[in-house]
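Encoded as structure tokens, the structure appears first; notes follow it.
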Amino acid sequence: MKPAPFDYHSPRTPEEAVGLLAELGEDAKAIAGGQSLVPMLALRLAVFEHLVDLGRVSGLRGIERRGDAVWVGASTTQTAILRSPDLAAAVPLLTRATPLIGHFQIRNRGTVGGSLAHADPAAEYPAVALALDARLEALSPRGARTLPAAGFFTGMWTTGLAEDEILTGVSFPVRGERSGHAVEEFARRGGDFAIAGAAVAVDLDGAGLIRRCGIALFGVGATPLRASAAEASVLGVKAADVDAAELGATALAEPASVPSDLHASGDYRRHIGAIMVTRAWRRALREALDA
1 MKPAPFDYHS PRTPEEAVGL LAELGEDAKA IAGGQSLVPM LALRLAVFEH
51 LVDLGRVSGL RGIERRGDAV WVGASTTQTA ILRSPDLAAA VPLLTRATPL
101 IGHFQIRNRG TVGGSLAHAD PAAEYPAVAL ALDARLEALS PRGARTLPAA
151 GFFTGMWTTG LAEDEILTGV SFPVRGERSG HAVEEFARRG GDFAIAGAAV
201 AVDLDGAGLI RRCGIALFGV GATPLRASAA EASVLGVKAA DVDAAELGAT
251 ALAEPASVPS DLHASGDYRR HIGAIMVTRA WRRALREALD A
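Counting from 1, one number per residue, gives the positions in the sequence shown under the UniProt record's numbering.
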């Protein structure tokens with residue numbers, strides 16, 4: 001199939017882009033790399049009369065250290081993220097999640113902002129943003145604002161962005177001295193969306209106690225999920241005393257329901273998800289202990 005007819009717009013500035021979205025209203029959709037939206041348009045799962053292309057908008061690309069955080073422009077490609085040694089050192093969880101996204105052709109076009117704004121519950125970047133307490137920067141005709149990752153993902157493919165608002169960048173906190181990060185997912189084939197996955201970030205204090213813990217789940221709900229009860233259960237605990245398998249079970253006991261589809265039943269996703277948390281926790285903790 002082919003997309004339904006639409007008018008194409010190519011703004012050059014963020015202000016022009018949000019102005020177009022405001023003027024055109026609900027009949028318009030912003031498009032970044034197009035790796036998620038174009039297939040939906042081709043299958044006519046989504047239909048818009050206007051597409052506002054953000055690819056030529058100035059100021060939306062780049063990776064910059066800003067104090068105790070790293071800013072990544074919303075139009076920065078996944079390949080650029082993967083190739084940045086500074087980002088690999090400062091925000092390793094983002095770098096490690098990137099090779100799991102589709103295939104290299106997709107990563108060459110796909111963007112960090114596009115992935116976050118598309119909000120696929122089985123995607124890696126939304127879970128990474130949750131686990132790291134990232135802050136998302138948005139712009140509309142009313143001005144700029146910053147949204148915390150917690151609460152940004154409101155439902156299947158929906159976010160807290162208004163119709164006339166675009167993401168301009170994302171700030172990720174820089175890793176601590178004794179920290180560990182890991183992403184684990186299970187998919188039927190490499191490059192497929194995950195049946196279940198987990199992103200883990202853990203920080204230790206000087207005594208080896210868990211000072212901060214972020215556990216985000218993907219593929220097991222309508223949005224990426226933060227395993228808050230599991231995180232709380234290990235805060236202040238000596239790292240060596242945490243039972244990784246028990247932590248995984250606690251994390252996947254939190255979702256009230258896990259969806260079933262043609263790829264996997266809810267029970268299977270819950271079982272696999274617990275294993276992914278267990279594996280990611282062990283890897284992240286080992287890195288933190290060796291730091």
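Ideal Cβ placement from N, Cα and C applies to all residues, glycine included.
In this structure, VAL170 lies near VAL112, with their beta-carbon atoms less than 8 Å apart. Our two residues, PRO224 and PHE48, have alpha carbons roughly 26 Å apart in a direct line. Distances from the CA of GLY25 to each of ASN108, VAL52 and ARG61 were compared; the closest alpha carbon is that of VAL52. Distance from the Cα of GLU165 is smallest, within the candidate group LEU147, VAL277 and SER179, for LEU147.
For GLY169, the secondary structure class from DSSP, reduced to helix, strand or coil, is strand.
For the pair GLY190 and ILE101, the Cα-to-Cα distance works out to about 9 Å. Per DSSP, the beta-bridge partners of VAL183 are ALA199.
Beta bridge pairing from DSSP links SER140 with GLY143. DSSP places GLY248 in the uninterrupted alpha helix (DSSP H) bounded by 244-253.
Contact between the stretch 234-252 and the stretch 278-289 is established, with three or more Cβ pairs separated by less than 8 Å. Non-local C-beta neighbours of ASP27 in its own chain, meaning closer than 8 Å and more than five positions away in sequence, comprise PHE48, GLU49 and HIS50, ordered along the chain.
Pairing PRO92 with LEU132 gives a Cβ-Cβ distance that is not under 8 Å. Per DSSP, the beta bridge partners of ASP53 are ILE31. For PRO85 and GLU64, the gap between their C-alpha atoms comes out near 12 Å. For ILE210, the enclosing beta strand (DSSP E) starts and ends at 210-218. By a beta-carbon distance limit of 8 Å, LEU130 contacts ARG226. Their separation comes to about 5 Å. Under the DSSP assignment, ARG189 falls outside any alpha helix (DSSP H); it carries neither an H nor an E label.
Scanning its chain for C-beta atoms nearer than 6 Å, with the 5 sequence neighbours on each side dropped, one finds around VAL72 the residues ILE63, VAL112 and VAL170, in chain order. For PHE153, the enclosing beta strand (DSSP E) begins and ends at 153-155. The beta carbons of LEU161 and VAL18 sit no closer together than 8 Å.
Per the DSSP secondary-structure output, ILE63 pairs in a beta bridge with VAL72. According to DSSP, residue pairing for PRO99 in a beta bridge does not occur. Contact check for ALA187 against ILE195 passes: the beta carbons are separated by less than 8 Å. Spanning the alpha carbons of ASP68 and GLY176 requires a straight line of approximately 10 Å. Rounded to whole angstroms, the gap between the alpha carbons of PHE218 and GLU287 is 22 Å. Boundaries of the beta strand (DSSP E) harbouring ASP7: 7-9, taken from the DSSP string. Here DSSP, grouped into helix, strand and coil, assigns THR223 to coil.
The C-alpha of VAL242 lies about 25 Å from the C-alpha of GLU124. Note on LYS238: under 16 other CB atoms within 10 angstroms of its CB, so exposed under the neighbour-count rule. ASP86: member of the alpha helix (DSSP H) spanning 85-90, first to last residue. Rounded to whole angstroms, LEU87 and GLU185 show a C-alpha spacing of 21 Å.
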